[in-house]
Amino acid sequence: MKQTINTENTQSQMRKGVLELCTLSVLAIGEAYPTEIIEQLKSSKMMIVEGTLYPLLTRLKNANYLTYRWEESTAGPPRKYYKLTEQGVKLLSELENTWDEMAHAVNKLLKENKRK
Amino acid sequence: MNKTLTINLAGLVFNIEENAYQLLKDYLLAIKNQFNNEEGCDEIVADIEARMAELLKAKTHASKQVLVDEDIHTAINIMGKPTDFEDTFTEEKQHNTTTAQPGNNYYKSKTRRVFRDADNKMLGGVCSGIASYFETDPLWIRLALIILFFGFGTGLLLYIILWIIIPEAKTTAEKLEMRGDPIDINTISQTVKDEAEQLKNRAQDFANGVKSEFHYQRNYGIGNKIANFFYNLFRGLFKVISKIFGALFVLFGTLLFVALLLILFNIGKIESLSVNEFIYSFTGQDFSIFWFKTGLAMCVGIPLCMFVYKGLKLIFGIYTSYLWLNLSAGALWFVGLSICLCLSLNILTDFSDETQLKKQIDTHVSNKDTLYVKAGNTYQKADMDVDFELGNDHWFINNTAQPAIWWGKPRVKIITSENDSVSVLIVRTASGKQKTEASLRAKNINYTAAQQDSVLVLNNYFSFLSKDKYRNQGVDVLIKLPKNKIIYLDNNLKKLLYDVENVNGIYDAEMCGKYWMMTANGLTCLSCTKEELRNNNKEEEEESNHPINVNDSSTNVHIDKNGIEVHSKKAHVKISSDGIKIIKKNNFDTITTAE
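These protein sequence lines are chains L and S, in that order.
All the letters of the first sequence, read from the start, carry residue numbers 223 to 338 under my numbering.
All the letters of the second sequence, read from the start, carry residue numbers -11 to 583 under my numbering.
This is the structure in structure tokens:
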């Protein structure tokens, strides 16, 4: 199928890459269940809707970056508390480095070429 | 009072209103479809269901135990629509997403629709909208329109039509639809597959014994489901076909529109006469050229615009129609039609009456002399002149003269005279509203023929002033010859002779340069070569080629162009140009007699 570059696609690609990093970063502090992650992401204006997070968590878990345990909840069904695996920690630090480098490089580039 | 259902969502029990239940069910099904191709689909759906349950649980308390539409809406807003989840997908999965089941409030068909893309607009966002519909760069669309703009402004017209008919993408949903699935064979088959899937699901639901009254209502008969399946199939086919037709509409509409503009801007020729001149030759007035063109533009241009408009609507699947647009187009068309009809009727009535003015010139050529007929050179074509065909005749207009002069060819015929003298009858014809007008026009036709001794000079053109307008003017020249009179037709008469009847059946152009005599049967060629006569008589000869056969029990007589053959039991006789040949059959004697 023909691939085209459009704004929407690029933006979604950017967000997708960064969302993984942000989720891992939230979990670096310790265990959390999805709603907590979402709240933190929302307060940093990263998220639009909650539904986006669930497939991401499942994918990260299936790739062995996360594990979870069940915990009973008074407010509803039992919750999944996620935490980073060793691999997850490693991925996080790699992604953090990449992000720093990239953010620096991109900012610099944007600044230099800023239209007057 | 509303009916409620009891459901189990992620292990929690909820009382839910019927409508709200359908909403929730549709939403969860849509999510399931969304992640169908994903690894861990069930887990994702279970997580989301759990979260939904959590959110909905918070909505209920002791004094409000039943979930209503609004609660579901709120929960869905927090969770997001399935279309929003696409953000987390890689591109290749975007095309695998499925369309939703009918009746879903949140997640209507994601079939791509065309919108004006205000985010990337230069003018009205038409080009960028179309570009995103066809998945191309807006630059190409813009370029195409600009090129078309120089093609007599068709680009501008197209742009304005598109601006009117394509709505702007205002809401996020519309913006998503703008980039939704393209309508192609894949999506159609996908739709059909989804429909089959849902059919299966419903059947399963039913089999699982979910037998609330609600389900009795929702489950249509199997016949209905099959009908639905075919409905969807044909709807898909119809869409593709209507798009093809739309493209044809736009293509031909635009081409014809360009042709119309060529006419209106006086480019191009009708029978080598420019459009203005053509109209002028009938109307004889400058202002009526303007009115005629205005009428034509409205009468033909508006249907063409509407044609293009409908075509574009078909292509982009826009089914909204604007009453004011249709009505005003219809009104303008009617005005244009009226203008055209008035002008045409006005001209047509000018052809209603015809007059012939006859003038006989008696010549005094003695019957023994040969009459020489030739054409005089009253007119020779100048560079500035236009020539064109009108009716069956060839015309010239001399525009350098003020006022312009029309030149037409007279028609020369040769007939038998009623008396013993040679005479020439000149008939001038013209049409008009009444006899008087027609005869005035006929009088204005300038044509002369002169005779000097035995030479008759017929002018090669007649003329009239262009202010008389073209009203069927014509001149017939009848040369009346008594019997036994010999006439010589000069070579320069070639184009003037008009259907001159003669015994030899020779065509007009070939009659020139020859001597002819008027006989009792008609004109007979005196100086034609045998070959010319034969050529022209060939057809008649061929007609007589049919052989004649006479048969009886013992003899067979055959007569054809080769001669006569007689076959009998005793002898064989053959008479031909070679002579007479007799073959006796009993003793094989052959007698040949040469001519």
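No residue lacks a Cβ here, since even glycine has one placed at the ideal position from N, Cα and C.
Just so it is clear, the structure is predicted and the values come from calculations on it, not from any experiment.
According to DSSP, residues forming a beta bridge with residue i
i                 : result
Ile547 (chain S)  : S:Ile536, S:Ile552
Met506 (chain S)  : S:Leu511
Val400 (chain S)  : S:Val465, S:Leu485
Thr(-6) (chain S) : S:Asn3
Ala363 (chain S)  : S:Leu446
Asn434 (chain S)  : S:Ser451
Ala63 (chain S)   : DSSP lists no partner for Ala63 (chain S).
Val54 (chain S)   : S:Asn3
Ala254 (chain L)  : L:Tyr304
Val374 (chain S)  : S:Ile385
His49 (chain S)   : S:Lys52
Terminal residues of the beta strand (DSSP E) in which residue i lies
i                : result
Ser515 (chain S) : Where Ser515 (chain S) is concerned, there is no enclosing beta strand (DSSP E), given that its DSSP letter is neither H nor E.
Gly420 (chain S) : 411 to 420
Lys302 (chain L) : 301 to 306
Glu342 (chain S) : 341 to 350
Leu333 (chain S) : Per DSSP, Leu333 (chain S) belongs to no beta strand (DSSP E); it is in the alpha helix (DSSP H), 311 to 337.
Glu293 (chain L) : 288 to 293
Val561 (chain S) : 559 to 564
Ile474 (chain S) : 474 to 477
Supposed close pair residue i, residue j - CB separation, criterion 8 Å
i                : j                : result
Cys328 (chain S) : Cys287 (chain S) : 5 Å
Tyr276 (chain L) : Ile32 (chain S)  : 5 Å
Pro398 (chain S) : Val353 (chain S) : That pair is no contact at about 20 Å.
Ala285 (chain S) : Gly318 (chain S) : Not confirmed; about 16 Å, so no contact.
Lys473 (chain S) : Leu359 (chain S) : 7 Å
Ile385 (chain S) : Trp394 (chain S) : 6 Å
Ile467 (chain S) : Tyr435 (chain S) : Between Tyr435 (chain S) and Ile467 (chain S) the Cβ distance is about 14 Å, and since that is not below 8 Å, they are no contact.
Lys423 (chain S) : Thr343 (chain S) : 6 Å
Leu252 (chain S) : Lys281 (chain S) : 5 Å
Val238 (chain S) : Val296 (chain S) : 5 Å
Status (buried if at least 16 other CB within 10 Å, exposed otherwise) for residue i
i                 : result
Phe77 (chain S)   : Only weak support exists for where Phe77 (chain S) lies, its pLDDT of 47 falling under 50; the value from the coordinates is given anyway. With 16 or more other Cβ atoms within 10 Å, it is buried.
Asn448 (chain S)  : buried
Gln53 (chain S)   : exposed
Lys69 (chain S)   : buried
Leu336 (chain S)  : exposed
Asn286 (chain L)  : exposed
Glu489 (chain S)  : exposed
Ile255 (chain S)  : exposed
Ile19 (chain S)   : buried
Leu(-3) (chain S) : buried
Asn21 (chain S)   : buried
Pro126 (chain S)  : buried
Lys302 (chain L)  : buried
Val228 (chain S)  : exposed
Arg223 (chain S)  : exposed
Ser316 (chain S)  : exposed
Trp383 (chain S)  : buried
Cross-chain neighbours of residue i in chain S, by beta carbon under 9 Å
i                : result
Ala297 (chain L) : Glu42, Lys45, Ala46
Partners in chain L for residue i, counting only beta-carbon separations shorter than 8 Å
i               : result
Asp35 (chain S) : Pro256, Tyr276, Leu279, Thr280, Lys302
Met67 (chain S) : Val271, Glu272, Gly273
Ile32 (chain S) : Tyr276, Pro277, Thr280
Arg39 (chain S) : Pro256, Thr257, Glu272, Tyr276
Phe23 (chain S) : Pro277
Within chain L, partners of residue i - CB distance below 7 Å
i                 : result
Gly(-1) (chain S) : Pro299
Where the alpha helix (DSSP H) containing residue i begins and where it ends
i                : result
Ile570 (chain S) : No alpha helix (DSSP H) holds Ile570 (chain S); the beta strand (DSSP E) holding it covers 567 to 572.
Ile303 (chain S) : 290 to 304
Tyr268 (chain S) : 263 to 271
Ile149 (chain S) : 142 to 153
Ile135 (chain S) : 126 to 138
Ala41 (chain S)  : 29 to 45
Tyr589 (chain S) : Residue 589 (chain S) cannot be examined here, being either before or after the span of chain S that is shown, -11 to 583.
Tyr276 (chain L) : 275 to 284
Met499 (chain S) : 496 to 499
Under 7 Å by beta carbon: chain S residues contacting residue i
i                : result
Glu253 (chain L) : Neighbours of Glu253 (chain L) on chain S: none; closest Cβ ~16 Å, over 7 Å.
Asn284 (chain L) : Glu27, Gly28
Contact with chain B by residue i, beta-carbon distance below 8 Å
i                : result
Phe275 (chain S) : The structure shown contains no chain B; its protein chains are L and S.
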